[in-house]
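Notes follow once the structure below has been shown.
Residue numbers (our numbering), protein chains in the order written: chain C, 385 to 500; chain S, 385 to 500.
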């Protein structure tokens, strides 16, 4: 059993090519002995974005704060905002963009352990 | 790709023995084609609780709203509140209780697909 918060969780810039202004935290994951999947949290600054990329791990998201868009494989931007859930299925090209000019976009991005 | 909210997601009482005042929703899960794990959301009314039980699926939680306690296998109550994350590992006896007298406790409870 573990109870934690983002304030207690270390944070580091997302190093992946194509990421701009993204910080990554892993409040629940492999280091805690979770056997199958992990809760990562990404904080994207206003104007920032994750890579526009593709991989064989799904994403399950919950938007904790802010607003932005989730770009699909055709390049279409789908609005997302605090309180909403999003799913990216395996091998679906995608990107998260913070479209606010004032507020961070913060979201849970859950993935299988191997992709943590 | 799917974007949804709790307002768009059907809700039903948790039928499991030992559950009191708990509503279940599955905003992202097997019906959406998620291959490995599911996001369920439980809403527990003031004074309500989930079963005090044990199973071989882990729980990964994010508390969206309210406050309560997570009871461990020794019966010790650990406070949880909005913005916090919790982990219950496989085969660890546990229960979530809403200790508020006014506000619902609402949380994501992510599990492997087989336990959805």
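Glycine included, each C-beta is placed from N, C-alpha and C at the ideal position.
Cutoff 9 Å: residue i Cβ touching any chain A Cβ
{"i": "residue 412 of chain S", "result": "The structure shown contains no chain A; the protein chains it does contain are C and S."}
Bounding residues of the beta strand (DSSP E) (the contiguous stretch that carries residue i)
{"i": "residue 392 of chain S", "result": "First-last for residue 392 of chain S: undefined, no H or E at that position."}
Under the three-state DSSP convention, the category residue i falls into
{"i": "residue 499 of chain S", "result": "helix"}
{"i": "residue 415 of chain C", "result": "helix"}
{"i": "residue 388 of chain C", "result": "strand"}
{"i": "residue 402 of chain S", "result": "coil"}
{"i": "residue 485 of chain C", "result": "coil"}
Cβ-Cβ separation, residue j to residue i (assumed contact under 8 Å), whole Å
{"i": "residue 451 of chain C", "j": "residue 465 of chain C", "result": "4 Å"}
{"i": "residue 422 of chain C", "j": "residue 500 of chain C", "result": "4 Å"}
{"i": "residue 482 of chain S", "j": "residue 443 of chain S", "result": "Rounded, the Cβ-Cβ distance is 16 Å, inconsistent with contact."}
{"i": "residue 504 of chain C", "j": "residue 455 of chain C", "result": "Because chain C in this structure spans residues 385 to 500, residue 504 of chain C falls outside the shown range and cannot be described."}
{"i": "residue 429 of chain S", "j": "residue 409 of chain S", "result": "Incorrect: roughly 15 Å between the Cβ atoms, too far for contact."}
{"i": "residue 472 of chain S", "j": "residue 461 of chain S", "result": "That pair is no contact at about 14 Å."}
{"i": "residue 490 of chain C", "j": "residue 448 of chain C", "result": "5 Å"}
{"i": "residue 415 of chain S", "j": "residue 407 of chain S", "result": "Not quite, the Cβ-Cβ distance comes to about 18 Å (not below 8 Å), so this is no contact."}
{"i": "residue 497 of chain S", "j": "residue 420 of chain S", "result": "6 Å"}
{"i": "residue 388 of chain C", "j": "residue 468 of chain S", "result": "7 Å"}
{"i": "residue 418 of chain C", "j": "residue 412 of chain C", "result": "6 Å"}
{"i": "residue 402 of chain S", "j": "residue 435 of chain S", "result": "3 Å"}
{"i": "residue 494 of chain S", "j": "residue 470 of chain C", "result": "With a Cβ gap of about 14 Å, residue 494 of chain S and residue 470 of chain C do not count as contacting."}
Residues bridged to residue i [DSSP beta-bridge criterion]
{"i": "residue 494 of chain C", "result": "C:423 and C:444"}
- prompt: In chain order, which continuous runs of the beta strand (DSSP E) of length 3 or greater are located wholly inside the segment 418 to 479 of chain S?
  reply: 421 to 433, 443 to 449, 451 to 455, 461 to 465 and 469 to 472
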